[in-house]
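Presented below is the structure to which this report refers.
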Amino acid sequence: MFNTFKKPLAAVAAALGLALALTVVQPAAAQAAAGQISLSPASGPAGSAITVTGSGFKASATGTVIIGSTTFPLKTTAAGVFSAPATIPATATGKVTVTAKTSSVQGSAAFTVTVPAPTPPAVPAVSTAKLRFGTATNGGPLATAELDEVASLAGEAPSSVLFYKDFLQPAPITEMNAVRSRGAVPLVTWEPWAWGGGVSQPAYSLDRIAAGDFDAHIAQWGQALAAWGYPVQLRFAHEMNGDWYPWAESVNGNQPGDYAQAWRHVHDVVEAQGATNVSWVWSPNVPYWGSTDLAGLYPGAGYVDIVALDGYNWGTSASWSGWISPQDLFAPGIAELRALAPGLPILVAETASSEAGGDKAAWNTQLISYLAAQPDVMGFVWFHIQKEADWRINSSAASATAFKNALQARRTS
């Protein structure tokens, strides 16, 4: 039996050995050799122009740069290197493979598509209109985003920025620099008291101010303002005809005549430091029934550069208030200022309207139209703060639109 199958088995083994030999000897399909490529730049927005540089490719050969379905020609030197321009597709996102290929060599690299940050909208410029527009915001001069928002809402940048300091703080040079960098003038409300101390603060009575008890502090302010050197509006002890601040003559042990005397003393101390860049803003509240008569509070023409009024339309937001038109709110006070200080420019140093009890959008339009028609009114400052009421320009979409349109109308009239 063994002899019977000996020859067939040998034949099978021989045939099988031949097949194995053929399998070992037979070469695999040719693989492209690897080249090296780099991209410049290697990242950027879609649509970027790039340069593809390669080495280790077939010498003096033509080939292709492949990016998605787009191709670009390349040609190598005798050293097998190349440099070829290409463009990332405008629709590309994420990582994009860039391949360079000649007949027998290829290499790849990845390009990272970046998304550019959105360009912030340009901040409008300060208007050159006769009636200037200013603002006060919750964060003050250093709150850039708030001031940018106001400029966007108004369609123009504020020409002045109102903010507040008490008698415990140094002259606000940093804040004034921030205002000036925006092309605006700082309107500094300088309050002779300690914040949070209430109306009764005998340490800050008007007679103590006039007697020189705070001269060192006042002189420091004068020296700092003089050294700063740029125009600044200084609104000292505002709304003095009311009874809600300790510098009012009806509270805190003050007597008639004390306010004007204290004002003149502070003015003289600051002026003695050489602060000729300061414009003094005398700023009562709009007169109301029971308020202190303005005539006895006025320090005199030689001590004031700008006369001002603060006035708000509270509407029905308070139990004691009602809706009032801009003309009814400001006309009586403006008439008194003209009589007290003939020829001086008039500023509305604080104003805004509530939404409660009437049409705020219409009120905004009426305010700007009325003030623009007054030849001696130099400007107004909008109190863009949600405080006792929502005084903000954009307390409603209608309010914001009306405000912007009214400012534009006064720019083009």
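Residue numbers for the sequence shown follow this note's numbering, so the first one is 936 and each next one is one higher.
Even for Gly, the Cβ is constructed at its ideal location relative to N, Cα and C.
The C-beta of Pro1191 has fewer than 16 other C-beta atoms within 10 Å across all chains shown, which makes the residue exposed.
Relative to Ala984, the option among Lys993, Leu974, Ser990 and Gly991 whose CA is nearest is Leu974. By the Cβ rule, the region 1180-1199 does not count as touching the region 1082-1093, because fewer than three pairs are nearer than 8 angstroms. For Met1313, the enclosing beta strand (DSSP E) covers residues Val1312 to His1319.
Shown here for Tyr1165: same chain residues with a beta carbon closer than 8 angstroms to its own, the five before and five after excluded, namely Met1111, Arg1115 and Asn1212 in chain order. In this structure, Ala1243 sits away from Ile1303, with a CB-CB distance that is not shorter than 8 angstroms.
Around the beta carbon of Pro1107, 16 or more other beta carbons sit within 10 angstroms, so the residue counts as buried.
C-alpha of Ser1330 to C-alpha of Glu1290: approximately 7 angstroms in a straight line. Ser1087: member of the alpha helix (DSSP H) spanning Thr1079 to Ala1089, first to last residue. For a cut-off of 8 angstroms, the C-beta gap from Leu1279 to Val1239 is around 7 angstroms, short enough to register as a contact. Boundaries for Ile1269: no beta strand (DSSP E) harbours it, while the alpha helix (DSSP H) harbouring it runs Pro1261 to Leu1275, taken from the DSSP string.
Counting C-beta atoms within 10 angstroms of its own C-beta, Gln1041 has 16 or more neighbours from the protein chains shown and is therefore classed as buried. The beta carbons of Pro1222 and Gly1268 sit closer together than 8 angstroms. Leu1103 counts as exposed, since fewer than 16 other beta carbons sit within 10 angstroms of its beta carbon. Membership of Thr1109 in the alpha helix (DSSP H) is indicated by the continuous run Ile1108 to Ser1116. Residue burial is scored here from C-beta neighbours: Lys1295 has at least 16 other C-beta atoms within 10 angstroms and is therefore classed as buried. Contact between Ile1002 and Ile1023 holds, since their C-beta atoms are separated by about 7 angstroms, short of 8 angstroms. The beta-carbon separation of Gln1168 and Pro1121, rounded to 7 angstroms, stays under the 8 angstroms limit for a contact.
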